[in-house]
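Remarks on the structure that follows.
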Amino acid sequence: MQQKIIIAIDGYSSCGKSTLAKQLANELHYLYVDSGSMYRAITLYFLRNSVNIIDKKQVKKALNNIHLSFENNGETGKSDIYLNDEYVELLIREMIVSEKVSEVAALQEVREFAVAQQKKIGEKKGIVMDGRDIGTTVFPHAELKIFMKADISVRVQRRFKELYAINPTISIDEVKQNLEMRDYIDSNRAISPLKQADDAIVLDNTNLTMAQQLKLALKWAEEKILAMGIMNDRVIKQKKSNKEEV
Ligand code: DC
Numbered sequence: 000m001q002q003k004i005i006i007a008i009d010g011y012s013s014c015g016k017s018t019l020a021k022q023l024a025n026e027l028h029y030l031y032v033d034s035g036s037m038y039r040a041i042t043l044y045f046l047r048n049s050v051n052i053i054d055k056k057q058v059k060k061a062l063n064n065i066h067l068s069f070e071n072n073g074e075t076g077k078s079d080i081y082l083n084d085e086y087v088e089l090l091i092r093e094m095i096v097s098e099k100v101s102e103v104a105a106l107q108e109v110r111e112f113a114v115a116q117q118k119k120i121g122e123k124k125g126i127v128m129d130g131r132d133i134g135t136t137v138f139p140h141a142e143l144k145i146f147m148k149a150d151i152s153v154r155v156q157r158r159f160k161e162l163y164a165i166n167p168t169i170s171i172d173e174v175k176q177n178l179e180m181r182d183y184i185d186s187n188r189a190i191s192p193l194k195q196a197d198d199a200i201v202l203d204n205t206n207l208t209m210a211q212q213l214k215l216a217l218k219w220a221e222e223k224i225l226a227m228g229i230m231n232d233r234v235i236k237q238k239k240s241n242k243e244e245v
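Each residue of the sequence shown is one higher than the one before, counting from 0 in numbering that gives the first Met the number 0.
As C-alpha cells, this is what we get:
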C-alpha cells in the first residue's frame, strides 16, 4: 500500500494556497482542509453574537458554543465548513469577516480551540492543510511543507477578481489594505505567527501558472511519498534480519 504523508501549506494571504492545496489533494486522493475557514467561521460567530474579544471569559464562553464541522461537497469536490450545522462557506468569505479575522485568530483561546481540532483531523495522514502555522505548529513533523509567496500586486489582482464577482462595489484599494493588514497581524502576533518553517520549500508563484505550480508541488510530494516508502521498507528489512540473527 502507498504511504500517506501530511502536506502543510503556509503563506501570505491570497497566494493561492487553497487552490494548490485543493488540486494536490485531488491528485493524491487526500483530504483537503482549509484551516483559515475555521478562523473565519469563529469570527462570524463572534460578530453575530457581539463577542468582546478583549474579554477572555466571553471568548471562552463563545467557543464552548461553537461546533465546527466539514462536509464534502459533491459538486466542488471540496469540504465545506458548517458552523453549528449551518452552511457558512460563502458568508465567511465576506469582507466584514475578512476585516476582523486576523484579530480573532491572534487570540490564544481561539488558536488552542482550532489547532486541537486540526491536529485530530490529521491523525490518519493523507491530508493537505493550508493556513499560516500548519508547518510550524499544527504539523511540525509534516513530511512536506510548502511556504507560498507572490508579489503583493499579483495577490491583490487575484483577490480583487474573486471578490468583485460577488460584490461589484469593492475597490482595489480596499482589497490591498485588507491583505496588507492581515499579513501584518498574522506575521506579528505573539502566538504561532506566520513564518516559514526551517524545513519548508518556498514556492513563489508570481510568474507561475496554476498548472506549473501544481506540477512542481506534485513532484515534491511524490518524492516524499517514495522516500517514506523506502524508509519503511528498510525498517521492515532491519526487523526481519534482527529476528533471523536471534
Ligand atoms: O486563509 P484565509 O485567508 O482564509 O485565513 C483567514 C485568516 O485566518 C488569516 O488572515 C489568518 C488566520 N489564519 C491563521 O491565523 N492560522 C491559520 N492556520 C489559518 C488562517
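All residues carry an ideal CB built from backbone N, CA and C; glycine is no exception.
DSSP puts residue i in a beta bridge; with which residues?
i	result
Ala164	According to DSSP, Ala164 bridges with nothing at all.
Asp203	Lys148
Val32	Met128
Glu70	Asp79
Gly10	Met147
Ile5	Ile126
Thinking residue i and residue j are a contact (beta carbons under 8 Å), I'd like their distance in whole angstroms, please.
i	j	result
Gln107	Val137	That pair is no contact at about 15 Å.
Leu178	Ile151	7 Å
Ala7	Ala141	4 Å
Asp9	Ile133	5 Å
Asn83	Ile65	7 Å
Ile5	Gly130	Contact doesn't hold; Cβ gap of about 13 Å is too wide.
Val174	Val155	5 Å
Gly15	Arg157	7 Å
Lys77	Tyr31	6 Å
Leu143	Ala220	6 Å
Leu202	Gln212	6 Å
Taking the beta carbon of residue i as the centre, do at least 16 other beta carbons fall within 10 Å, making it buried, or is it exposed?
i	result
Asn204	buried
Tyr86	exposed
Thr75	exposed
Ile176	One point to set straight first is that residue 176 is Gln, not Ile, in the sequence displayed. The residue is exposed, with fewer than 16 neighbouring Cβ atoms inside 10 Å.
Thr135	buried
Ile53	exposed
Ile126	buried
Met147	buried
Gly73	exposed
Asp172	exposed
Ala189	exposed
Leu225	exposed
Ile145	buried
Ile80	buried
Ser49	exposed
Arg233	exposed
Ala115	exposed
Ala104	buried
Say yes only if the C-beta of residue i is nearer than 7 Å to one or more non-hydrogen atoms of ligand 2, and no if none qualify.
i	result
Ala216	Among the ligands present in this structure, namely ligand 1, ligand 2 is not found.
Checklist entry - Considering only residues of the stretch 86–138, which uninterrupted alpha helix (DSSP H) runs meet the minimum length of 4 residues and lie entirely inside it, listed in chain order? => result 94–104 and 107–120
Checklist entry - Counting Cβ pairs, one atom from each stretch, are 3 or more of them under 8 Å apart for the stretch 23–39 and the stretch 82–97? => result yes
Item to check | the stretch 222–241 / the stretch 9–21 touching (three or more Cβ pairs under 8 Å) | outcome: no
Checklist entry - Counting Cβ pairs closer than 8 Å, one from the stretch 51–66 and one from the stretch 169–187, do we hit at least three? => result In this structure the stretch 51–66 does not lie against the stretch 169–187, because fewer than three pairs of beta carbons, one per stretch, are closer than 8 Å.
Checklist entry - At what residue ranges does the stretch 176–241 contain a whole run of the beta strand (DSSP E), taking only runs of 3 or more? => result 200–203
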